[in-house]
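Protein chains: 2
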Amino acid sequence: MYVVIEGIDTAGKSTQLDILKEKHKEAVFTKEPGGTQIGLKLRQMALNGEAKSKIAEMFLFLADRAEHIEEVVKPNKSSIVISDRSIISGIAYASNLPLEVVVSLNLIATDNVLPSHVVLLELTKEELIRRLGNKENDSIESRGIEYLIDIQDRMKKTVKMLNLNHRFIDASLSIEEIAKEIEEFINE
Amino acid sequence: MYVVIEGIDTAGKSTQLDILKEKHKEAVFTKEPGGTQIGLKLRQMALNGEAKSKIAEMFLFLADRAEHIEEVVKPNKSSIVISDRSIISGIAYASNLPLEVVVSLNLIATDNVLPSHVVLLELTKEELIRRLGNKENDSIESRGIEYLIDIQDRMKKTVKMLNLNHRFIDASLSIEEIAKEIEEFINE
Numbered sequence: 001m002y003v004v005i006e007g008i009d010t011a012g013k014s015t016q017l018d019i020l021k022e023k024h025k026e027a028v029f030t031k032e033p034g035g036t037q038i039g040l041k042l043r044q045m046a047l048n049g050e051a052k053s054k055i056a057e058m059f060l061f062l063a064d065r066a067e068h069i070e071e072v073v074k075p076n077k078s079s080i081v082i083s084d085r086s087i088i089s090g091i092a093y094a095s096n097l098p099l100e101v102v103v104s105l106n107l108i109a110t111d112n113v114l115p116s117h118v119v120l121l122e123l124t125k126e127e128l129i130r131r132l133g134n135k136e137n138d139s140i141e142s143r144g145i146e147y148l149i150d151i152q153d154r155m156k157k158t159v160k161m162l163n164l165n166h167r168f169i170d171a172s173l174s175i176e177e178i179a180k181e182i183e184e185f186i187n188e
Numbered sequence: 001m002y003v004v005i006e007g008i009d010t011a012g013k014s015t016q017l018d019i020l021k022e023k024h025k026e027a028v029f030t031k032e033p034g035g036t037q038i039g040l041k042l043r044q045m046a047l048n049g050e051a052k053s054k055i056a057e058m059f060l061f062l063a064d065r066a067e068h069i070e071e072v073v074k075p076n077k078s079s080i081v082i083s084d085r086s087i088i089s090g091i092a093y094a095s096n097l098p099l100e101v102v103v104s105l106n107l108i109a110t111d112n113v114l115p116s117h118v119v120l121l122e123l124t125k126e127e128l129i130r131r132l133g134n135k136e137n138d139s140i141e142s143r144g145i146e147y148l149i150d151i152q153d154r155m156k157k158t159v160k161m162l163n164l165n166h167r168f169i170d171a172s173l174s175i176e177e178i179a180k181e182i183e184e185f186i187n188e
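In order, the protein sequences belong to chains A and B.
First residue of the first sequence? That's 1 in our numbering, and the numbers climb one at a time after it.
First residue of the second sequence? That's 1 in our numbering, and the numbers climb one at a time after it.
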């Protein structure tokens, strides 16, 4: 089982991942980017803006993804892998190339290994504005509300396009309600 | 003008590049991988075997290539750029995926910017055996004669497939003869 938790920043992924860690001691918890040794370096290079070219930056994330799938997901997915982000964020954030190109690049990186369960924590624009007001902005968040809502739309499109087993969950529900929905979905 | 010097190890690229550096003080000399700051890091990560996944390793080289094209080749090709290796080596060495896939990935990395002049220093198998006998083997060379001859074939196929303006030069000619051929080709 390969479960991924997706959502734009402030959607509440970390909170739900903490709850999952308590409940699923048997699972391998991981993340993209940065779920491997080389992935940590690549993530840092990308965050530092070391790649001036946007295409080069995308290839850094694809290298991270390829290594993560090969070294973490494939060896563990016969039991349970739970990942903070995945190919879905990868596709959603790479908006500098046509969608079909980005999708094929990502399928090469993942060797066609796809999540068995996608949880997407979904925010309305109003709720996003409220939450961003309560949090110090990082570089992605500072690109603005419209940008993040657009990314969220791309995430949803990606899930549907790849025909993935998914649950879109209203992120404004209580922490407990969301946790319950996720648990039901995983145990279905 | 975007000139690239290609050839397998021991073909004599460095010697010819040294001669070109003497003759063309106006040119920007560069290389792949490692022609940019981030490229140097990525090259080192690849050489150290930090990417366990072969696909991840390929993406490291693609990131290097994308950055190199954007930061070094594009800004200078209206004058003269001379590069030690290029997309041709990139395609020839990536033998873990179908050729047409590797070609499209590399064209994305180079944003379709291709060399205006390709010099390929070509070795016969006999000459390669002789030269390797005289040199300490590095990791690529130790993979053997057949491997290197196969890479050289892939380089030639790539040049033809991309329909690049090229000169295949017999690497067993004297250093001066080769230098003269290269000079003629560049000045054509």
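Glycine included, C-beta positions come from ideal geometry on N, C-alpha and C.
Since we're looking at a predicted model, the values are computed, not measured.
In terms of beta-carbon proximity, Lys74 (chain A) stays away from the interface with chain B, with every pair separated by 7 Å or more. Of the other Cβ atoms in all chains shown, 16 or more fall within 10 Å of the Cβ of Arg154 (chain A); this residue is therefore buried. The distance from the Cβ of Val4 (chain A) to that of Arg131 (chain A) is about 21 Å, inconsistent with a contact at the 8 Å cut-off.
Counting along the chain, Lys31 (chain B) sits inside the beta strand (DSSP E) bounded by residues 28 to 31. Scanning chain B for C-beta atoms nearer than 7 Å to the C-beta of Lys52 (chain A) yields Glu67, Glu70, Glu71, reported in chain order. Val118 (chain B): member of the beta strand (DSSP E) spanning 117 to 122, first to last residue.
In this structure, the straight-line span from the alpha carbon of Asp170 (chain B) to that of Pro33 (chain B) is close to 25 Å. When the five nearest sequence neighbours on each side are left out, the beta carbons in the same chain lying within less than 7 Å of the beta carbon of Thr158 (chain A) are those of Ile88, Ile91, Ala92, in order along the chain. Residue pairing by DSSP places Ser83 (chain A) opposite A:Val4, A:Thr30 in a beta bridge. A residue is called buried when at least 16 other Cβ atoms come within 10 angstroms of its Cβ; Glu71 (chain B) meets this threshold and is buried. Proximity of chain A to Leu107 (chain B) at the Cβ level (cut-off 8 Å) is not reached, the minimal Cβ distance being about 11 Å. Rounded to whole angstroms, the separation of the alpha carbons of Leu107 (chain A) and Pro98 (chain A) is 15 Å.
In this structure, DSSP gives Asp9 (chain B) a state outside helix and strand, which the three-state scheme calls coil. Closer than 7 Å to the CB of Ile8 (chain B) there is not a single CB belonging to chain A. Taking 8 Å as the Cβ-Cβ cut-off, the segment 108 to 136 of chain B approaches chain A at Ile108, Ala109, Asp111, given in chain order.
Residues of chain B whose Cβ lies closer than 8 Å to the Cβ of Phe59 (chain A) are, in chain order, Phe59, Leu60, Leu62, Ala63, Ala66, Ala109. Taking a contact as a CB-CB distance under 8 Å, the pair Leu120 (chain B) and His68 (chain B) does not count as one, their CB atoms being some 19 Å apart. Nearest CB-CB separation between Ala171 (chain B) and chain A: not below the 7 Å threshold. Separation of the CB atoms of Ala66 (chain A) and Ala109 (chain A) is rounded to 4 Å, and the pair is thereby assigned contact status at 8 Å. Going by DSSP, Asp170 (chain A) is part of the beta strand (DSSP E) stretching over 166 to 170. Contact between the segment 35 to 46 of chain B and the segment 18 to 37 of chain A is absent: fewer than three C-beta pairs spanning the two stretches fall below 8 Å.
Close to Met45 (chain A), with beta-carbon spacing below 8 Å, are these residues of chain B in chain order: Ile38, Lys41. Annotation for Glu177 (chain B): no residue places its beta carbon closer than 6 Å to its own, counting only its chain and skipping 5 residues before and after. Under the DSSP assignment, Val102 (chain A) falls in the alpha helix (DSSP H) whose first and last residues are 99 to 109. Residue contact check for Ile55 (chain A) against chain B: a CB pair falls below 7 Å. Taken in chain order, the members of the segment 90 to 101 of chain B whose beta-carbon sits within less than 9 Å of a beta-carbon on chain A are Leu97, Val101.
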